[in-house]
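Going down the list, the sequences are from chains A and B. Numbering of the first sequence is given in the working numbering, commencing with residue 5 and proceeding in unit increments. Numbering of the second sequence is given in the working numbering, commencing with residue 5 and proceeding in unit increments. Some notes on the structure that comes next.
Number of protein chains: 2
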Amino acid sequence: MTDAAAKAGSTTSIYIELRVVLFSLRDNRLFVLLTPADEQLFPGAWELPGCPFSSRESLEKNASQCIAPFTGQHEAYLEQLYSYGDSGRHPSLDLLSIVYFALLSADALSSGRPADVDVRWFPLDQLPPLAMKHGDFIEYALRRLRYKLEYSAVGFELLPEYFSLSELQHTYEVVLGEKLDKRNFRRRILQANVIEPTQQYRLGEGRPARLYRYRPDAVAEVKARRLFP
Amino acid sequence: MTDAAAKAGSTTSIYIELRVVLFSLRDNRLFVLLTPADEQLFPGAWELPGCPFSSRESLEKNASQCIAPFTGQHEAYLEQLYSYGDSGRHPSLDLLSIVYFALLSADALSSGRPADVDVRWFPLDQLPPLAMKHGDFIEYALRRLRYKLEYSAVGFELLPEYFSLSELQHTYEVVLGEKLDKRNFRRRILQANVIEPTQQYRLGEGRPARLYRYRPDAVAEVKARRLFP
DNA sequence: CCAAAAGTGTTCTATGTACACCCATGC
DNA sequence: GCATGGGTGTACATAGAACACTTTTGG
Chain A
5 MTDAAAKAGS TTSIYIELRV VLFSLRDNRL FVLLTPADEQ LFPGAWELPG
55 CPFSSRESLE KNASQCIAPF TGQHEAYLEQ LYSYGDSGRH PSLDLLSIVY
105 FALLSADALS SGRPADVDVR WFPLDQLPPL AMKHGDFIEY ALRRLRYKLE
155 YSAVGFELLP EYFSLSELQH TYEVVLGEKL DKRNFRRRIL QANVIEPTQQ
205 YRLGEGRPAR LYRYRPDAVA EVKARRLFP
Chain B
5 MTDAAAKAGS TTSIYIELRV VLFSLRDNRL FVLLTPADEQ LFPGAWELPG
55 CPFSSRESLE KNASQCIAPF TGQHEAYLEQ LYSYGDSGRH PSLDLLSIVY
105 FALLSADALS SGRPADVDVR WFPLDQLPPL AMKHGDFIEY ALRRLRYKLE
155 YSAVGFELLP EYFSLSELQH TYEVVLGEKL DKRNFRRRIL QANVIEPTQQ
205 YRLGEGRPAR LYRYRPDAVA EVKARRLFP
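As structure tokens, this is what we get:
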């Protein structure tokens, strides 16, 4: 492949961007971060935070910078989701959207939130109209999140450093959209040896809850090992 | 986002390409399709089949066209794998590689193979030197294939339309890299109701093997439902 | 003492795993 | 008749699911 080939190929008129589906948890609901879309092109619609692709950085760095204004100094968990190249999503541009999905821990949400950019957190069941098929992006990101929750430890990325077992269970229930059995849930999480108890307690109504912490040395994934079917 | 933003962004000097990791099975080994890389830039190295991105088509169509010369009229199974944006993979270009992985059924392999392009099938354990980190692409594609084999019916994509249960089992064994128990394997596959027996038999040494066929109405995926851990 | 949430074990069922012999064909 | 791969069932171990009551705190 030569530079001539490059010119013949695809270096013209394609707008390469990154988009991030940033999830966070609040009041036992899943939220996603959106910004208002261009009023002229998509009146009344919102869009995912994004930024143009810069080849000077890795894709992940690019994606991280898209959401840096909203995450403060907390590092969000980031993972590449999919690349969408379909034309027709924008009236005058050929878009190539490399989409990441990201998880922001609950304590990061409440801390630094700069109001100099117009952004809002929307609960997943009350999304506004979305431009450029970003609704599809979000739907797919949610599927991936649900899926990953079942065989990896991503769930902890949505929680603060210290959390009670009930908080952890609620996280799972909210993301998966179903109730889980308390005793079974606790037994499995504890047997997995991925969290460790601390000496702290969460006070509130009822009996105080012991707080746990994710073990940084934990094995974060289990093999599915199911052998279709 | 406006057209001005687009120009400020990333419409210059980035070469967008598709690459396909095309797997096929032969003599109970997994093979991947490669073409010789540019002799000047990467002497002695090979690369994955690829083509420049055209925004007139969907990404999947683009990818499909990369391998069309080698698949004949057979449709290969195609799935987006990952997008690699790291600079430094090419001495003079900023590459953005959208990588697909693909499976070609064994009967497609033996039929039409046009020799007007220089390509070769390499067994996975004897890969040549690879340009532009394509070795990483292949490694990741293999991981994804192994993973999918355990919860979906992709395995059948590597087989011809009619196959014996032993052939199916060998496919699984080769991809996963381990031996499976014959009786357990058969029980599970048959209970899953994804294949149906035909009246045909495969002759050879020993007792003839009944041939089966994948049921097009089969449910091709099972939920992992394992709930970490 | 009452409300509210935390914490705790056992039984049953389903799924996965280990394992050895007879069968049908070609030579 | 023998070599070769095809085909079959059972017993045991492990993992998942269902289920109800006691404990600790604040008001």
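Where is the CB? At the ideal position from N, CA and C, for every residue including glycine.
Confirm, please, whether the CB-CB distance from residue 48 (chain B) to residue 70 (chain B) is below 9 Å.
-> no
Which residues does DSSP pair with residue 88 (chain B) in a beta bridge?
-> Beta-bridge pairing by DSSP links residue 88 (chain B) to B:101.
Within-9 Å CB hit, residue 147 (chain A) to chain B = no
Residue burial classification, residue 161 (chain A) (beta-carbon count within 10 angstroms, cutoff 16) | So residue 161 (chain A) counts as buried.
At least one CB of chain B closer than 9 Å to the CB of residue 84 (chain A): is that the case?
-> It does: the Cβ of residue 84 (chain A) has a partner Cβ on chain B nearer than 9 Å.
At a CB-CB cut-off below 9 Å, which residues of chain B make contact with residue 63 (chain A)?
-> 87, 88, 89, 90, 100
Chain A contact for residue 142 (chain B) (CB, 9 Å cutoff) = no
Could you round the C-beta distance between residue 63 (chain A) and residue 145 (chain A) to whole angstroms and report it? I think they count as a contact, below 8 Å.
-> Going by Cβ atoms, the distance from residue 63 (chain A) to residue 145 (chain A) rounds to 16 Å, so no, they are not a contact pair.
Using a threshold of 9 Å, state whether the C-beta atoms of residue 197 (chain B) and residue 222 (chain B) are closer than that.
-> yes
For residue 53 (chain B), the residue or residues it bridges with in DSSP | In the DSSP output, where bridge partners are listed per residue, residue 53 (chain B) has none listed.
Contiguous alpha helix (DSSP H) assignments of at least 4 residues, all confined to the segment 153–225 of chain A | 169–180, 186–195
Could you tell me which chain A residues have their CB closer than 7 Å to the CB of residue 28 (chain B), listed as they occur along the chain?
-> Near residue 28 (chain B) there are no residues of chain A at all, since even the closest Cβ is about 20 Å away, more than 7 Å.
When DSSP labels each residue in this structure, what does residue 8 (chain B) get in the three-state scheme?
-> Summary for residue 8 (chain B): the model assigns pLDDT 41, below 50, so the residue's position carries little reliability, and this model does not support an answer.
Start and end residues, alpha helix (DSSP H) containing residue 95 (chain A) = Note, residue 95 (chain A): premise wrong, no alpha helix (DSSP H); not H, not E.
Exposed or buried, which one is residue 158 (chain B) when buried takes at least 16 other CB atoms within 10 Å?
-> That one is buried.
Identify which residue in A:111, A:135, A:103 has its Cα closest to the Cα of residue 44 (chain A).
-> Considering only alpha carbons, the answer is A:135.
Neighbour-count burial assignment, residue 171 (chain B), 16 or more Cβ in a 10 Å radius = buried
Residues in the segment 28–62 of chain B having any Cβ partner in chain A nearer than 9 Å = 41, 42, 44, 45, 51, 54, 55, 56, 57, 58, 59, 60, 61, 62
For the alpha helix (DSSP H) that contains residue 63 (chain A), what are its first and last residues?
-> 63–75
Beta-carbon separation of residue 132 (chain B) and residue 50 (chain B) under 9 Å?
-> Taking 9 Å as the Cβ cut-off, residue 132 (chain B) and residue 50 (chain B) qualify as a contacting pair.
Using a Cβ cut-off of 9 Å (strictly closer), state whether residue 71 (chain B) contacts chain A.
-> no
Residue range of the beta strand (DSSP E) that includes residue 30 (chain B) | Its beta strand (DSSP E) spans residues 18–30.
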